[in-house]
Amino acid sequence: MMSKNFISGKVYLLGDNIDTDQILTAEYLKVNPSTPEGYEWLGKLAMCGLPIDAKKFRDSDGTPLYSIIIAGENFGCGSSREHAVIALGAAGIKLVIAKSFARIFFRNSIVTGEVMPITCSDDRLTGLTNGTEISINLDTGQIALNSKEFINVDPIGELSNVVKEGGLFNYARSIGKIPNFSNDLIQVRNIG
């Protein structure tokens, strides 16, 4: 479940230094994420670079089993490809909680609006098992592990509003910094 301020779902646990080649291998950078077909294909390829012995990310028909990733240090290291972030979003990942992020992956998450990047170093998160259901309230900055146990995350501040709006351009439109051409009437002069 996801609203703009509340995200819940099953977690997929990963370790430290998960790089963009593990999220999406370089051979798939030719896929165009701006088409519906390309976007869907990237979602089916998300996490395709994980080792063969990694916990299964999707079920037998290819549907991802999780909507939240919990990782260790330096998540998204490697190249600067935004395809990796887009693949996660297309696969239904709404939130990545990590001890730290590679700077470019963090930026790409914000700019594209595909995935909410949250930092948290509480070891209770890494003690969870794959498939555990958690919830996070973005307003309070708290993860609910159950009805009695909560974890505070590092504040993301105004950047969460950018992700909640669907990326940098949508956010800029929503606050009036760039025009929303879809709502403007554009007149074309007939020269004849």
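Numbering (this note's numbering), first residue to last: 3 to 194. Don't be surprised by glycine CBs; every beta carbon is placed ideally from N, CA and C.
Where V155 is concerned, there is no enclosing alpha helix (DSSP H), because DSSP gives it neither an H nor an E.
The Cβ atoms of C79 and D156 do not sit closer than 8 Å to each other. Contact between I72 and M49 does not hold, since the beta-carbon distance rounds to 14 Å and is not under 8 Å. A direct Cα-to-Cα measurement between N182 and R175 gives close to 6 Å. For L161, the enclosing alpha helix (DSSP H) starts and ends at 161 to 166. Counting only residues of its own chain and dropping the five nearest sequence neighbours on each side, L31 has a CB closer than 7 Å to the CB of R83, H85.
One alpha carbon belongs to I95, the other to S149, and they sit about 23 Å apart. Ranked by how close their Cα comes to the Cα of F8, the residues V164, Y173, D141 have D141 in first place. Membership of G40 in the alpha helix (DSSP H) is indicated by the continuous run 38 to 47. Annotation for F8: the continuous beta strand (DSSP E) segment containing it runs 8 to 15.
Residue K58 holds the alpha-carbon nearest to the alpha-carbon of T131 among K46, Y41, K58, T27. Taking each of A104, C122, W43, K101 in turn and checking the Cα distance to L90, the smallest one comes out for W43. Here L170 carries a helix assignment [DSSP, helix/strand/coil]. Between I136 and I145, the CB-CB gap stays under 8 Å.
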